[in-house]
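Engineer: In this note's numbering, the protein residues as written are 62 to 428.
In this text, a Cβ means the ideal position worked out from N, Cα and C, and glycines have one as well.
Sharing a structure with you now.
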Ligand SMILES: C[S@@+](CC[C@H](N)C(=O)[O-])C[C@H]1O[C@@H](n2cnc3c(N)ncnc32)[C@H](O)[C@@H]1O
């Protein structure tokens, strides 16, 4: 695969906290990540897969809004300082156009930006999600109070299938909406990965790089193929469960977020998949009757209780995906009785220090 080399192309590079490795040629970024994974997991990865697309790869960006209506990202190392982003090479030119038009709209209408220190003002975040393989786009203004009528006057300069108003009245600085109001269109958009169509909501998790997400699906499908029963723990909207269900007898996803489970069930039915989904916290599961277990936890890793339940359930294979190799390294050491057979690093996040890893373990000798 040929991957174009990089350089600091972004006008905000150096100040913006969005990507810190833009000055490093892409081949060297991959080498840095290979070393990082080796240190964290205690073993060289067998492969480091580059992102097939290294610019405009992100399908979601959460642009923070300052009290003065800067709309962009935080300054590197300064959470209190905003970069008023005009161009971001991580998402898309269309997302740039929408974000820049939204800033002008908010300024013209005098909508006050939110002050995270005083907890005053209205506009907190602008979230843009887009299907890289469908062209669909969701735009959500996250506000401290409902603003639907005003937002209905916004005319985006690019395709928008879902215009939402997410309400966050809380004190913590987050783009997560406690309530989602529809301004125009539907409340989900779709992305197609590896031939499967997935509906995504504002708050539901989705792999942020659609191009490498297809690599993750391929790896998982390869590894579970031929298994009878597969449990996909932390299953989100079914991104891994549904493709896995095509090559095993029975696939079940376990996810704690009810909205994600609703969408996962809908995604399964719309893709003709027989995958089932259970709304539960992984650590509340008892015995897991499976040949293979897929684990894709949040950054904090797998709950120790869940690690214990997995070890005592003794599946033949464990496929552990992680965006936090240091935490993954700690968890792998607790999977007693399992041997690390394969370790693949996937560069989901070009130009940033982050990396995704897929560890495949078989029941056998200690790691
Ligand atoms: C990194 S995402 C992985 C999602 C999915 N595997 C995918 O590829 O899109 C982690 C998911 O775990 C869910 N989650 C977080 N804590 C959980 C828990 N204790 N039990 C079950 N699910 C949890 C989150 O809601 C999120 O959907």
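1. Rounded to a whole number of angstroms, what is the C-alpha to C-alpha distance between residue 63 and residue 339?
2. May I ask you to check if the CB of residue 272 is nearer than 8 Å to at least one heavy atom of ligand 1?
3. Taking the alpha carbon of residue 372 as the point to measure from, which residue in 344, 103 and 179 has its own alpha carbon closest?
4. Taking contact to mean at least 3 C-beta pairs separated by less than 8 Å, is the region 284 to 301 in contact with the region 313 to 322?
5. In whole angstroms, give me the CA-to-CA distance for residue 326 and residue 72.
6. If you follow the alpha helix (DSSP H) that residue 76 is in, where does it begin and where does it stop?
7. If I follow the unbroken alpha helix (DSSP H) through residue 311, where does it start and stop?
8. For the putative contact between residue 362 and residue 318, defined by C-beta atoms under 8 Å, what is the C-beta separation to the nearest angstrom?
9. At which residues does the beta strand (DSSP E) containing residue 406 begin and terminate?
10. Please determine whether the Cβ atom of residue 235 lies at a distance below 8 Å from any heavy atom of ligand 2.
11. Grab me the residues of residue 197's own chain with a C-beta within less than 6 Å of its C-beta, minus the 5 sequence neighbours each way, in chain order.
12. Beta carbon of residue 380, beta carbon of residue 399: below 9 Å?
13. If you reduce the DSSP assignment to three classes, tell me which class residue 418 lands in.
14. Measuring only the C-alpha atoms, how far is residue 370 from residue 131?
15. Which residues mark the beginning and the end of the beta strand (DSSP E) in which residue 204 is found?
16. Among 412, 308, 275 and 376, which has the Cα closest to the Cα of residue 258?
17. For the region 119 to 130 against the region 148 to 156, are there 3 or more C-beta pairs whose distance is under 8 Å?
18. Hey, residue 263 and residue 188: beta-carbon distance below 9 Å or not?
19. Please work out which residues of its chain come closer than 7 Å, Cβ to Cβ, to residue 82, disregarding the five sequence neighbours upstream and downstream, and give them in chain order.
20. On the DSSP bridge list, what partners appear for residue 191?
21. Going by the beta-carbon positions, is the gap between residue 200 and residue 217 smaller than 9 Å?
Structural biologist: On the basis of the data shown:
1. In this predicted model, residue 63 has a pLDDT of only 38, less than 50, meaning its place in the structure is not dependable; the value taken from the coordinates is given anyway. The alpha-carbon atoms of residue 63 and residue 339 are separated by roughly 41 Å.
2. no
3. 344
4. yes
5. 43 Å
6. Note, residue 76: premise wrong, no alpha helix (DSSP H); not H, not E.
7. Not the alpha helix (DSSP H): residue 311 falls in the beta strand (DSSP E), residues 311 to 316.
8. That pair is no contact at about 18 Å.
9. 399 to 407
10. Because ligand 2 does not appear in the structure shown, any question about it cannot be addressed here, the ligands present being ligand 1.
11. 222, 250 and 251
12. no
13. strand
14. 48 Å
15. 198 to 204
16. 275
17. yes
18. yes
19. 90, 412, 413 and 414
20. 198
21. yes
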